[in-house]
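What follows is a single structure, written as structure tokens, with notes after it.
In the working numbering, the protein residues as written are 191 to 321.
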């Protein structure tokens with residue numbers, strides 16, 4: 191009896207049984223624009239070629255799944271930064287790229303919340319006393 195093939199979990203690096211992520215990847219890529227999917231594939235290909243560790247199907251699924259609620263403009267901006275600042279040459283991979291995307295997204299969300307709070311607030315009403 192053959193033992194099931196093992197691979198590392200993209201989140202915690204534990205060994206787990208190998209699973210096929212192609213259906214999930216297909217669903218997540220159909221939910222995004224073609225330009226965004228092409229950009230993600232391009233950067234993953236660069237990481238795969240230049241990086242120390244090859245990019246696996248599970249990491250591709252993880253990146254798509256974790257960024258499904260993030261806008262395409264943030265992803266494009268972050269991928270461009272990742273490539274131009276040569277993070278790949280420094281040994282940074284998929285996890286670093288994912289954290290960059292999530293960090294920029296949370297920064298923009300906090301900025302928008304701050305602007306909503308400060309701009310939507312009415313100024314306090316001053317009471318004038320008639321003396």
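From the three backbone atoms N, C-alpha and C, an ideal C-beta is built for every residue, glycine too.
It should be emphasised that the depicted structure is a prediction, and the values quoted were computed from it without experimental measurement.
Next item on the list: With DSSP as the reference, please indicate the residues paired to residue 205 in a beta bridge.
Entry: 198
Checklist line | Sub-8 Å separation of residue 294 and residue 268 beta-carbons | finding: yes
Check: Going straight from the alpha carbon of residue 195 to that of residue 223, what length do you get?
Finding: 33 Å
Notebook entry, point to check: Where residue 204 and residue 230 are concerned, what is the direct C-alpha to C-alpha distance, given to the nearest angstrom?
Noted result: In this structure, the straight-line span from the alpha carbon of residue 204 to that of residue 230 is close to 25 Å.
Check: On the three-state DSSP scale, how would you describe residue 299?
Finding: helix
Next item on the list: Confirm, please, whether the CB-CB distance from residue 264 to residue 301 is below 8 Å.
Entry: no
Notebook entry, point to check: If you draw a straight line from the C-alpha of residue 304 to the C-alpha of residue 252, how long is it?
Noted result: 30 Å
Item checked: residue 353 classed as buried or exposed, judged by whether at least 16 other C-beta atoms fall within 10 angstroms -> Residue 353 lies beyond the residue range present for the chain, which begins at 191 and ends at 321; the question has no answer from this structure.
Next item on the list: Return helix, strand or coil for residue 216, following the three-state DSSP convention.
Entry: helix
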